[in-house]
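The numbers in this note's numbering rise by one with no breaks, and the one at position 50 of the sequence shown is 86.
We treat Cβ as the ideally placed atom computed from N, Cα and C, and that holds for glycine.
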Amino acid sequence: VKEKGLPVSYETLVPTEVTYELGKEIDNEGRTIILDFPWATIVNVYVPNSGQKLERLDFRTNEWDKFFVEYMQKKQKDRSV
């Protein structure tokens, strides 16, 4: 398969690992899909809603967001991609 003159192999299009959780209770709502490729990591996240009355705003900003940033920083350091 060639796209714009660059060779693309099947191996580069298939993730080496697929994960559906961040590995902590904070992610028990099934909101993430993480695809690790040899060349990059793609993360799809459905971020928790704070609710119309902002009942979950504290959880969102003080727990979930901080944990997710730390997770992504660790992933970047570990994979160096």
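Ile-70, buried or exposed, once every other Cβ within 10 Å from all chains shown has been counted against 16: In the sequence shown, counting from the first residue as 1, residue 70 sits at position 34. Its Cβ being crowded by 16 or more others within 10 Å, Ile-70 is buried.
Closest by C-alpha distance to Val-81, when choosing among Val-44, Leu-90 and Thr-55: Along the sequence shown, read from residue 1 onward, the residue named residue 81 stands at position 45. Nearest of Val-44, Leu-90 and Thr-55 to Val-81, Cα basis: Thr-55.
So what does Thr-55 bridge to, in DSSP terms? In the sequence shown, residue 55 corresponds to position 19, counting from 1. DSSP, once it has assigned bridges, lists Ile-70 as partnering Thr-55.
Tell me the rounded alpha-carbon separation between Glu-16 and Leu-90. In the structure as shown, the chain begins at 37 and stops at 117. Residue 16 is therefore absent and cannot be evaluated.
Assuming Val-50 is part of the beta strand (DSSP E), what are its boundary residues? Residue 50 sits at position 14 when you count from the first residue of the sequence shown. Segment: none, Val-50 is in no beta strand (DSSP E) and carries neither H nor E.
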